[in-house]
Every structure is written in structure tokens, then in C-alpha cells.
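Just so you know, we're using my numbering here: the sequence shown kicks off at 7 and counts up by one. Even for Gly, the Cβ is constructed at its ideal location relative to N, Cα and C.
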Amino acid sequence: MALSATIYRTTLEVSDIDRGIYETLEKRIAQHPSESKDRLATRILAYALFYDPRLEFGRGLSDTEEPGLWVRDYSGQILHWIDVGTPAPQRIHLAAKKSNKVTIVCHRGRDALARQIQKQRIFRREQVQVLYLEPAFVKALGEVTSRTGEWTILRHEDLVQVTIEGSTFEAPFQLVGLPGSPEPS
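Here's what the structure looks like:
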């Protein structure tokens, strides 16, 4: 018998000062049976950090053709593909072909992604962005994530602050190029 997904009901208070976004969002998020709490917390945080009214959770782990999150236009065209973790080079290559904007939110450290993609051919590699989150930060978020919870996320300049049920955590926020990509001029 296959295991079913666990549903999390989460309220997100998003304050993204740099982008002028202030939203309260009620979300139902499915945790895949093989998904760790760290990865789930990373997906929730990615949703808040890249919030757009059209942003949706994809099937990600359940479907290799979909990312963890994405923004699509009204015709179904993918505008922003957001993957979580350390996706395989083939997956990043496919994402860059399907979408003009690709972001990877990596919660396993810089070396994990660099090892995964070194010397691999990736379409429009220089246009892929990566947000590295410190593994200890994500682990702490995962430990306090409950099936019904409230998250307050504040993003300003190079810092993200997350409060979950009275516990507050901070981490640097910086989007960089994919390892091995030329530096933008």
C-alpha cells in the first residue's frame, strides 16, 4: 500500500520590504511521504521569498516534469521554475529550456550542488540563479514546523527572518549564479 501525503495548513505572514509585498496567505501544503521536514520547510520558505499571486506548488517529487514551485501565465507557459534541493543537471537543463527564469533553493550547502552539476551541460546556465540556505537554519525551521502553524517571514536586503510559533531564526539571503557560470558583467 502506498503512503499518502501529509497535509500542512500554514498561515504565512509575508513582508518582503525590497519588493513591497505584504500578504497574509493561508496555504495547504502536501508533504510527499519521502520528503524530509527540512525540504518541506525549504519549500514553504521558498514560497514566501518568491511570492507572486500566480505562484503555485508543483508536484516536484511526485512528477519529474514539474518543479517544487512555479509561476505560469494564463496560457500555461512557465514564467518562473523554482526547484528545491540539489536537482540533477538534466533537470536544471530541462527547466532552463521550459522557463526563462530558473531559481534553485538549495538547503544542503554550496558543495552539494557544485558536485552535482560540475562539468555538466546546462542550457542557459548563466541565467540560472541559486539561493543557498544554511543547512542549520533549514534544520531549525523543520524542527518547529507543525501541521498547523503560523510563519512570519520578513525579507529585507540580504537577510531573511522567520518566526514560527514564537521561535525566531535569521539567515543571509543572496541570489547567486549557478556554480561554474561566468560572473555577470
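For residue j and residue i, the rounded distance between their alpha carbons
i	j	result
L100	V136	16 Å
Y28	V108	24 Å
V4	R45	Outside the shown range of the chain, which is 7 to 191, sits residue 4, and nothing can be said about it.
S10	H38	7 Å
I84	G172	36 Å
D79	L184	25 Å
A146	T169	11 Å
F2	G82	As shown, the chain starts at 7 and ends at 191. That puts residue 2 outside it, with no answer to give.
L75	T92	14 Å
L18	A54	7 Å
T30	V20	6 Å
I88	D24	20 Å
Q167	G148	15 Å
R130	I98	10 Å
Q133	S40	30 Å
Closest residue to residue i among the options (Cα-Cα distance)
i	options	result
P141	K43, E156, D164 and P95	K43
E32	S10, T154, E176 and K104	T154
L139	P95, A94, D117 and D24	D117
G115	V90, F175 and V20	V90
P197	R65, I128 and G82	As displayed, the chain neither begins before 7 nor continues past 191, which places residue 197 out of reach and without an answer.
K103	E71, V111 and L75	E71
G64	A54, T92, L55 and I35	I35
D22	V111, V182 and L165	L165
Q4	H86, V77 and F56	A query on residue 4 cannot be resolved here, the shown segment of the chain reaching from 7 to 191 and no further.
Buried/exposed call for residue i, threshold 16 Cβ in 10 Å
i	result
H113	buried
P73	buried
T16	buried
T151	buried
P178	exposed
T12	exposed
P59	exposed
E163	exposed
S191	In this prediction, S191 scores a pLDDT of 43, lower than 50, which makes its location untrustworthy; the coordinate-derived value is nonetheless stated afterwards. The residue in question, S191, is exposed, as its Cβ has fewer than 16 Cβ neighbours within 10 Å.
V182	exposed
E62	exposed
S105	buried
Below-8 Å beta-carbon distance, residue i vs any chain C residue
i	result
L31	Among the protein chains of the structure shown there is no chain C, as only one such chain exists.
Cβ pair count under 8 Å reaching 3, the stretch 46-55 against the stretch 142-162: yes
Quick check for students: name the residue ranges of the alpha helix (DSSP H) that lie wholly in the stretch 36-108, counting only runs of 4 or more. 43-55 and 95-104
Entirely within the stretch 131-159 and at least 3 residues each: give me those beta strand (DSSP E) ranges in chain order. 134-138
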